[in-house]
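Asker: Protein chains in written order, with my numbering: chain A, 1 to 166; chain Z, 167 to 597. By construction, the Cβ of each residue, glycine as well, lies at the ideal position given by its N, Cα and C atoms. Quick one: structure below, then a few questions.
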Amino acid sequence: MPATVKVLRRPAPGQTSYIRATLKGMALTFRHLVSPDKVTVQYPEEQPDLSPRWRGTHRMEVHADGRPKCVACGLCPTICPANCIRLVGGEDDEGNRYPIVYEIDEFRCIFCGMCQEVCPVEAIHVGVHFENAEYTRDRFVYDLDRLMEQDHPTTLLWDPSDPLSE
Amino acid sequence: MNDLSPTAFLISSSIKVFLVFSATLGVVAIMTLIERRVAAFIQDRLGPNRVGPLGILQPAADGLKNILKEETFPSTADRRFFLLAPALAIIPAAMTFAVIPFAAPLETPWGTVSMIVADIPIGILYVLALASLGVYGIFLAGWASNNKYAFLGGLRASSQMVSYEVALGLSLIPVLMLAGNVTLTEFVWQQQQLGFWYVLPLSLAFILFVIASFAETNRLPFDLPEAESELVTGYHTEYSSMKFSMFMIAEFSHILTASALMATLFLGGWSIPFWSGDHMFWHEGMLISGFTPQGEPIAAAPALWKTLLTFLAFAAKTGFFVLVFMWVRWTLPRFRYDQVMHLGWKVMLPVGLAYIMVLAATILVLDQLAVEGFLFGAVLTAVSALATGIFVFVVDRDRLISGSERAEPTRSGVREVQSARVAVLAGGVEE
C-alpha cells in the first residue's frame, strides 16, 4: 500500500441521505441536459480552435526568390531526439551553403519543436496544423519541396523571457 | 364491448394489430436514438446527428449494420436454446402493448372502434403474466451461452426480476382497489370520473411502481444483469448481429410498455386533464360519457379530432416517462447486488404491504361514511401524501445505501487496521 492512501470516512448512519443525493444528482444532470453549452466541435464544418503554440507538421521558410532559407548547418538533425531529419548539405559557387537533401519523417517526429528552436536562420518550423491524412505511408516522409509548399501558420515557440506569452 | 359487425371487428382489429406493432417497433428505433442523444446532452456532447436531419436515420443505419454483421455461435453453447432466447425475450415485450388503450374510441362509418388492440377484461393480469415471461429469454440467453459472465448475468436477472415482480404486484393492488377492476380501459375511465389522476391519491404506489419498473426493465440503477463493468455485458455477452439487437429491442420495448403503463395507471392514460369532452367508456354495449344524477347513462360523442388529441396526450405522458427512464440512467450509478435484494425484499415488500393495509382501511372508512367524488380523492391524497412522507423520511436516513448497520463494527475494524498501516508506512518514509 502506498504511503499516501486517502481514507474516506464513511458517514455515520443518520447523516447521509440517499433520496436527497439522488434528487440533487437528477437536478445536476437535468441542468446539463438543457444547457446549450456543448463541448462538441462539428469538425469538418467547424474548425477547432488551435493554440498558437500547437506543434504540428513542419514547414520550411523560403526566400523571396524561392530558395529555402536553410543554410544546412546541421543543427536540427543533431538536436532532433527522434532522429527523423535527414540533411545533406551542399555549397554553391558563391560559397552559400544550401540543403541538397532535406527530409523529415513525420512518423518518427515527436513534434517537440526543438528543430525550430535551434535553427539559427528561422528556416524550419513546426506548424499549427493537424490534417495530415495520406493514402500511403511513404507520403509521410516530407522532402524539401513538400516542406516549402506548406502554407499553414508556424508555431509560436515558448519564450523563456516571456513565460506567460504576455 | 363495441357496436361493430363481426367482419368490421376482424378488419379493424387486424389493422390495429399491424399499426400498433409497427408503431411500437418504430418508436423503439427512435428511442435508441433519443437515448444516445439524451446521454450525449447530459454529458455536454451532441450525440449522433449526422445521419439524416438531427440524426433521425441513425437507427436505420444501426439496423443495417447489425444485419450485415457476422452471426457468432460459441462452440460450447447449447444451440437450440441459444437461438430460442432472443425470440423469447422479444415476444413478450412486443405483446404487452396489446392491452394498453392509447386513445379515445374512434368514430368510423362502420361503427365506433376502441383504440386498443385487445380490450380484455383481465388486462393487468395479462401485463403481469407477460412481464414474468420476459425473464425466461434473459435467463435462457445466459444459461445457453455457456459463458460464466453470461450465466452470472442470467442468474442476476432471474433473481432480480422475481424479487421485484412481488413489489410490482403489490404496488398495483392499491390501483385495483381504487378502480375496483383489472381492465386498463376501466382505469382510464375511473380516473376521469374521480377527477384525480391516480398519481395523487396513490402516490406511494406510484413511487413503488416506478422503482419496480426500473428493476423489471433492467435499467440503471438496476442493470445488474448487464453490468458491463463486472460481467462484460452480462446475459448477451455471446450474442452478435441481429440476435444482440433483439435483446436491445426487447429492452426498449419493455421501457416503452412500462412508461405506457405508468401513464395509463397513474396519469390518466389518454385522458386530457381538466376537460370532460374526452370521457368515453363502453358501458353495457353503449359508449357513454357519464351518468346523469339519476344514474342514466349519457351517450358520448366520439370524433376523429378527439381521438387524435387524446392520442397526443397519451404520447406526451408516455414520452415523459421514457425520458425519465433515460434521465435516471445517466444520473445514478449501479446498485451493489445485496443492495438490490435489500431494497426489494426489506423495503419495497413491507412498504407495499403496509400501504395496501392503510389504503384499504381508508377506502373502507370513506365508503362507510358514503364520501364520494372530490372529497374522496382529496382524503386519499392526504393519506397517501402522509404515507409517502413517512416512507421518504425512513428511507432517507442511510438505511438503504450502506446496507445493514450490523456490518459497521467490521468496517471500522478494517479502517483502524488500515490507518495503523498508513501511519507505520508514513513513519518509515520520514525516517
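In whole angstroms, what is the alpha-carbon distance linking Leu541/Z and Tyr521/Z?
Answerer: The residue you call residue 541/Z lines up with position 375 of the second sequence. The residue you call residue 521/Z lines up with position 355 of the second sequence. Approximately 20 angstroms, taken between the alpha carbons.
Asker: Would Ser407/Z and Thr484/Z be called neighbours here (beta carbons separated by less than 7 angstroms)?
Answerer: Here residue 407/Z refers to the residue found at position 241 when the second sequence is read from its first residue. Here residue 484/Z refers to the residue found at position 318 when the second sequence is read from its first residue. Not closer than 7 angstroms, so no.
Asker: Just how far apart, CA to CA, sit Ala479/Z and Ser437/Z?
Answerer: Residue numbering aside, residue 479/Z sits at position 313 when the second sequence is read from its first letter. Residue numbering aside, residue 437/Z sits at position 271 when the second sequence is read from its first letter. About 7 angstroms.
Asker: Can you find a C-beta in chain Z that's less than 7 angstroms from the C-beta of Glu5/A?
Answerer: Counting from 1 along the first sequence, the entry for residue 5/A is found at position 5. According to the sequence provided, residue 5/A is Val. The question's Glu does not apply to it. Yes, its Cβ sits closer than 7 angstroms to a Cβ of chain Z.
Asker: For chain Z, find out if any of its Cβ atoms is closer than 7 angstroms to the Cβ of Met148/A; answer yes or no.
Answerer: Stepping through the first sequence from its first residue, residue 148/A is reached at position 148. Answer no: the Cβ-Cβ gap between Met148/A and chain Z never drops below 7 angstroms.
Asker: By a C-beta neighbour count over all protein chains shown, 10 Å radius and 16 as the cutoff for buried, is Ile124/A buried or exposed?
Answerer: Working through the first sequence from its first residue, we reach residue 124/A at position 124. Taking a 10 Å sphere around the C-beta of Ile124/A, we find 16 or more other C-beta atoms and assign the residue as buried.
Asker: If we ignore side chains and look at the alpha-carbon of each, how far apart do Val513/Z and Leu199/Z end up?
Answerer: Position 347 of the second sequence, counting from 1, holds the residue named residue 513/Z. Position 33 of the second sequence, counting from 1, holds the residue named residue 199/Z. Taking the straight line joining both Cα atoms gives about 35 angstroms.
Asker: Helix or strand or just coil, what does DSSP make of Arg245/Z?
Answerer: If you number the second sequence from 1, residue 245/Z lands on position 79. Note: Arg245/Z maps to helix in three-state DSSP.
Asker: Counting Cβ pairs, one atom from each stretch, are 3 or more of them under 8 angstroms apart for the stretch 385-397 of chain Z and the stretch 313-323 of chain Z?
Answerer: yes
Asker: Per DSSP, Met60/A is paired with what?
Answerer: As a working note, residue 60/A is residue 60 in the first sequence. Bridge partners of Met60/A: Ile124/A.
Asker: Helix, strand or coil for Met446/Z? Go by DSSP, reduced to three states.
Answerer: As a working note, residue 446/Z is residue 280 in the second sequence. Note: Met446/Z maps to coil in three-state DSSP.
Asker: CB-CB under 7 angstroms to Ala82/A, same chain, minus the five flanking residues each way: which ones, in chain order?
Answerer: Position 82 of the first sequence, counted from the first residue, corresponds to residue 82/A. Contacts found: Arg108, Cys109, Ile110.
Asker: With distances taken from CA atoms, which of Ser180/Z, Ala174/Z, Leu223/Z is nearest Gly192/Z?
Answerer: Looking up residue 192/Z in the second sequence gives position 26. With respect to the C-alpha of Gly192/Z, the residue from Ser180/Z, Ala174/Z, Leu223/Z having the closest C-alpha is Leu223/Z.
Asker: DSSP on Pro280/Z, reduced to helix/strand/coil?
Answerer: By one-based count along the second sequence, residue 280/Z stands at place 114. What sits at residue 280/Z in the sequence shown is Ser, not Pro. Judged by DSSP in its simplified three-state form, Ser280/Z adopts strand.
Asker: By the DSSP assignment, the beta strand (DSSP E) with Thr40/A in it spans what residues?
Answerer: The residue given as residue 40/A occupies position 40 in the first sequence. Here Thr40/A belongs to no beta strand (DSSP E), and DSSP marks it neither H nor E.
Asker: Cβ atoms of Val354/Z and Leu267/Z: under 7 angstroms apart, would you say?
Answerer: One-based indexing of the second sequence puts residue 267/Z at position 101. One-based indexing of the second sequence puts residue 354/Z at position 188. In the sequence as presented, Leu is not what sits at residue 267/Z; that position holds Pro. Yes, the Cβ-Cβ distance between Pro267/Z and Val354/Z is below 7 angstroms.
Asker: Indicate the three-state DSSP secondary structure (helix, strand or coil) for Pro68/A in the structure shown.
Answerer: Sequence index remark: in the first sequence, residue 68/A carries index 68 (1-based). Reduced to three states, the DSSP call for Pro68/A is strand.
Asker: According to DSSP, what are the bridge partners of Asp533/Z?
Answerer: Within the second sequence, the letter at position 367 stands for residue 533/Z. Note: Asp533/Z sits in no beta bridge, so no partner.
Asker: Classify Leu433/Z as helix, strand or coil using the three-state DSSP reduction.
Answerer: The count along the second sequence starts at 1 and reaches residue 433/Z at position 267. In the displayed model, Leu433/Z falls within coil according to three-state DSSP, outside both helix and strand.
Asker: Please decide whether Thr155/A counts as near chain Z, where near means a Cβ-Cβ distance under 7 angstroms.
Answerer: To locate residue 155/A, count along the first sequence from 1; it is residue 155. Answer no: the Cβ-Cβ gap between Thr155/A and chain Z never drops below 7 angstroms.
Asker: Taking the alpha helix (DSSP H) that Gly335/Z belongs to, which residues open and close that run?
Answerer: As a working mapping, residue 335/Z is identified with position 169 in the second sequence. Element bounds for Gly335/Z: 314-345.
Asker: Which of the three DSSP states, helix, strand or coil, is assigned to Phe542/Z?
Answerer: Locating residue 542/Z in the second sequence gives position 376, counting from the first residue. It is helical.
Asker: Please confirm whether Gln326/Z and Ala381/Z have their CB atoms less than 7 angstroms apart.
Answerer: Taking the first residue of the second sequence as position 1, residue 326/Z is located at position 160. Taking the first residue of the second sequence as position 1, residue 381/Z is located at position 215. The answer is yes: Cβ separation under 7 angstroms.
Asker: For Leu370/Z, which residues of its own chain have a beta-carbon under 7 angstroms away from its beta-carbon, when the five flanking residues on both sides are left out?
Answerer: Residue numbering aside, residue 370/Z sits at position 204 when the second sequence is read from its first letter. Once the five neighbours on either side are set aside, the close Cβ partners of Leu370/Z are Tyr521, Ser550, Ala553, Thr554, Phe557.
Asker: Near Glu597/Z, which residues of its chain fall below 6 angstroms by C-beta distance, leaving aside the five closest residues on each side in sequence?
Answerer: As a working note, residue 597/Z is residue 431 in the second sequence. Any reading at Glu597/Z must be qualified, since the residue scores a pLDDT of 44, below 50, and its modelled position is unreliable; the value itself is stated next. Nothing listed; no residue qualifies.
Asker: Just list the residues that DSSP pairs Thr274/Z with in beta bridges.
Answerer: Position 108 of the second sequence, counting from 1, holds the residue named residue 274/Z. Beta-bridge pairing links Thr274/Z to Gly277/Z.
Asker: Sort Gly361/Z, Val494/Z, Leu591/Z by Cα distance to Leu386/Z and report the nearest one.
Answerer: For this step, residue 386/Z is matched to residue 220 along the second sequence. That would be Val494/Z, whose Cα lies nearest to the Cα of Leu386/Z.
Asker: With three or more beta-carbon pairs closer than 8 angstroms as the criterion, would you say the stretch 275-286 of chain Z touches the stretch 175-193 of chain Z?
Answerer: yes
Asker: Could you please tell me which residues of the stretch 496-510 of chain Z, in chain order, have their CB closer than 8 angstroms to any CB of chain A?
Answerer: Trp496, Thr497, Leu498
Asker: What are the boundary residues of the beta strand (DSSP E) that includes Leu453/Z?
Answerer: Your numbering for residue 453/Z matches position 287 in the second sequence. Residues 452-457.
Asker: Given this structure, state the Cα-to-Cα distance separating Glu396/Z from Phe263/Z, to the nearest angstrom.
Answerer: For the purposes of this step, residue 396/Z is identified with residue 230 of the second sequence, where counting begins at 1. For the purposes of this step, residue 263/Z is identified with residue 97 of the second sequence, where counting begins at 1. Distance between the alpha carbons of Glu396/Z and Phe263/Z is about 33 angstroms.
Asker: Could you name the residues of chain Z that Tyr43/A contacts, counting a contact when the two beta carbons are closer than 8 angstroms?
Answerer: Counting from one through the first sequence, the residue named residue 43/A turns up at place 43. Neighbours of Tyr43/A on chain Z: none; closest Cβ ~11 angstroms, over 8 angstroms.
Asker: Around the Cβ of Gly518/Z, are there at least 16 other Cβ atoms within 10 angstroms (buried) or fewer (exposed)?
Answerer: Locating residue 518/Z in the second sequence gives position 352, counting from the first residue. When all chains shown are included, Gly518/Z counts as buried.
Asker: With distance defined between alpha-carbon atoms, name the residue in Ala195/Z, Val183/Z, Ala255/Z, Arg500/Z nearest to Leu306/Z.
Answerer: Here residue 306/Z refers to the residue found at position 140 of the second sequence. Ranking Ala195/Z, Val183/Z, Ala255/Z, Arg500/Z by Cα distance to Leu306/Z puts Ala255/Z first.
Asker: If you reduce the DSSP assignment to three classes, tell me which class Ser568/Z lands in.
Answerer: For the purposes of this step, residue 568/Z is identified with residue 402 of the second sequence, where counting begins at 1. Because Ser568/Z sits at a pLDDT of 44, beneath the cut-off of 50, its placement in the model cannot be relied upon, and the point is left open.
Asker: Kindly indicate if chain A contains any beta-carbon less than 7 angstroms away from that of Ile196/Z.
Answerer: Counting from one through the second sequence, the residue named residue 196/Z turns up at place 30. No, Ile196/Z does not count as interfacial toward chain A.
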